[in-house]
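Working notes, beginning with the structure itself.
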Amino acid sequence: MIAGAQKLKIPYHATGTIVTIEGPRFSTRAESRFFKMIGGDVINMSTVPEVILARELGICYAKFAMSTDYDCWRQGEEAVSWEIITRVMKDNSDNAKKLLLEVIPKIDFTAGAHCQA
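Shown next as structure tokens:
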């Protein structure tokens, strides 16, 4: 996945801590600041429980997420809106399609292929 992002020049973070909240909703400023204070790098609504269940079942699983806003990390700027998120989501959608087209053909689906931790 990382090699694909590098090849396509899609900005990425190879590691980080995701905080998952129930959605769909925005976290409050106070929640966002708290999550950042305790070490969260990204707040999302769609990583857990899927990744945990896949790991428990031994299912090979790769996750990538494309952020739509950095609302709680910005100071003195307008609050994020659905209009801003919709615009960024379109760009992210284009990049996600490119990344998947790059990565999927390289996945080894043969029996006995092992997942990397």
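When we follow our numbering, the leftmost residue of the sequence shown carries the number 1477, and every step to the right adds one.
Yeah, the Cβ is synthetic: ideal placement off N, Cα and C, and Gly gets one too.
As a quick exercise: from the options, pick the residue whose alpha carbon is nearest that of residue i.
| i | options | result |
| --- | --- | --- |
| ALA1541 | TYR1488, ILE1580, LEU1529 | TYR1488 |
| ALA1490 | ALA1538, ALA1506, ILE1528 | ALA1538 |
For my contact list, residue i and residue j are in at a C-beta cut-off of 8 Å; report their separation, rounded to the angstrom.
| i | j | result |
| --- | --- | --- |
| ASN1520 | THR1496 | 6 Å |
| ILE1494 | THR1523 | 5 Å |
Are residue i and residue j close, meaning C-beta to C-beta below 8 Å?
| i | j | result |
| --- | --- | --- |
| ASN1571 | THR1544 | no |
| GLY1492 | ASP1517 | yes |
**Asked** For the segment 1477-1487 against the segment 1574-1583, are there 3 or more C-beta pairs whose distance is under 8 Å?
**Response** As far as the Cβ criterion goes, the segment 1477-1487 touches the segment 1574-1583, which means the pair count is three or higher.
Which whole runs of the alpha helix (DSSP H) in the segment 1493-1572 are 4 residues long or more, in chain order? With a minimum length of 4 residues, the continuous alpha helix (DSSP H) runs that stay inside the segment 1493-1572 are 1505-1513, 1526-1533.
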